[in-house]
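To get my numbering, take the position in the sequence shown, counting from 1, and add 21.
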Amino acid sequence: MLLTARRAFTGTTDQVPNDPVLAIEDGRIVEILSRGDVAESADVVDLGNVTLLPGLIDVHQHLAFDASPDPVAQLQADDDAALLERMHRHAHRALDVGITTIRDLGDRGYLSLELRDRFAGTEVGPRIVASGPPITTPNGHCWFLGGSVEGLDGIRAAVRQRAARGVDVIKIMASGGNMTPPSGPMSPSSGRPSWRWRSKRPTPPGCRWPSTLTAARLWPTPSPWAPTRSSTARSSPPTASTPTPVSSNSSPPAAA
Ligand SMILES: [Zn+2]
Numbered sequence: 022m023l024l025t026a027r028r029a030f031t032g033t034t035d036q037v038p039n040d041p042v043l044a045i046e047d048g049r050i051v052e053i054l055s056r057g058d059v060a061e062s063a064d065v066v067d068l069g070n071v072t073l074l075p076g077l078i079d080v081h082q083h084l085a086f087d088a089s090p091d092p093v094a095q096l097q098a099d100d101d102a103a104l105l106e107r108m109h110r111h112a113h114r115a116l117d118v119g120i121t122t123i124r125d126l127g128d129r130g131y132l133s134l135e136l137r138d139r140f141a142g143t144e145v146g147p148r149i150v151a152s153g154p155p156i157t158t159p160n161g162h163c164w165f166l167g168g169s170v171e172g173l174d175g176i177r178a179a180v181r182q183r184a185a186r187g188v189d190v191i192k193i194m195a196s197g198g199n200m201t202p203p204s205g206p207m208s209p210s211s212g213r214p215s216w217r218w219r220s221k222r223p224t225p226p227g228c229r230w231p232s233t234l235t236a237a238r239l240w241p242t243p244s245p246w247a248p249t250r251s252s253t254a255r256s257s258p259p260t261a262s263t264p265t266p267v268s269s270n271s272s273p274p275a276a277a
């Protein structure tokens, strides 16, 4: 198959050739030719006045979240089937704008792995690199995704659980985040001293956090950021001492 457009950006040079002709075999670009290299009679698909470019890679995405003012409430209102359908829609929207690879760094119920495997088969969709539910502290950032753990053993078990499920990457919520008030991205996930990071390297001058996170200890003290009345509208977060079983619906597991 031959494909042409007015311009192409290959990413390997800052040159942008005009009227390139892409030779495609078995779904892969095998050569970029110029118009003069192709016979007049060749069957060339012309995409018109556009610029071709390599597929974009989104390295930090959460397909489970939408762009509404309260994506957490929307997520909690969805059962897994509805959420998977929503994630499927988001993945295709990304593909439509040129994102061909998505690294999903936090889902609920390992749903991004299901999408990943579907798209790796015969179904059209972006390539997905998936973490499954992010590992977080009790009350910590994105606890509502089902990844709350406590203690070093809890963290180890959570990593093993994810490895057994076939995740591509482990996501740890080292900091808080805007989606989980009152935590924030410039603070530890559940407030000092709940997280204590150990690093083999010294923290560089001017850096607030260790450069290499090699192990983490979660102290079983109550979080200083335990939800207040006004922030419990999303129901109480789990405080399990082992990885929280993945919730199959919008309700978080009961507090231990
Ligand atoms: Zn994230």
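Glycine included, every Cβ here is placed at the ideal spot set by N, Cα and C.
Query	Result
Going by the DSSP bridge assignment, what does E52 pair with across the sheet?	A44
Below 8 angstroms, can you find three or more Cβ-Cβ pairs linking the segment 190 to 198 to the segment 161 to 173?	yes
Between which residues of its own chain and N70 is the CB-CB distance below 6 angstroms, once the five residues before and five after are set aside?	R27
Return the first residue and the last residue of the alpha helix (DSSP H) that I67 is part of.	Before going on, a small fix: residue 67 reads as Asp here, not Ile. Element bounds for D67: not the alpha helix (DSSP H) but the beta strand (DSSP E), V65 to D67.
Residues bridged to V170 by DSSP?	V170 is not bridged to any residue.
Using a threshold of 7 angstroms, is the CB atom of L74 nearer than that to any non-hydrogen atom of ligand 1?	no
Check each candidate in P90, F86 and P206 and name the one with the smallest Cα separation from L96.	F86
Let's see if you can read the secondary structure: which residues bound the alpha helix (DSSP H) around L84?	Looking at the DSSP string, L84 is not in any alpha helix (DSSP H), and its letter there is neither H nor E.
How far does the beta strand (DSSP E) with R148 in it reach, from first residue to last?	R148 to A151
On the criterion of 16 or more Cβ atoms from any shown chain inside 10 Å, does E106 qualify as buried, or is it exposed?	exposed
Hey, could you find the ends of the beta strand (DSSP E) L74 is sitting in?	Note, L74: premise wrong, no beta strand (DSSP E); not H, not E.
Quick check: A2 and L74, are their CB atoms within less than 8 angstroms of each other?	What is shown of the chain runs 22 to 277, which leaves residue 2 out entirely.
Apart from the five residues just before and just after P38, which ones in its own chain have a Cβ nearer than 6 angstroms to its Cβ?	A29
Return the chain-ordered list of same chain residues with a C-beta closer than 6 angstroms to the C-beta of P41, the five sequence neighbours on each side being excluded.	A29 and I53
Going by the CB atoms, is the gap between H81 and R139 shorter than 8 angstroms?	no
What separation, rounded to the nearest whole angstrom, lies between the Cα atoms of G119 and V145?	14 angstroms
Indicate the three-state DSSP secondary structure (helix, strand or coil) for D117 in the structure shown.	helix
Can you name, in chain order, every residue of its own chain whose Cβ lies under 7 angstroms from the Cβ of L77, other than the five neighbours on each side?	G119, I120 and T121
From the DSSP output, in three-state form, read off R27 for me.	coil
DSSP three-state label for R124, please.	strand
Rounding to the nearest angstrom, what Cα-Cα distance links A98 and R110 in this structure?	17 angstroms
Can you name, in chain order, every residue of its own chain whose Cβ lies under 7 angstroms from the Cβ of L104, other than the five neighbours on each side?	A85, L96, R129 and L132
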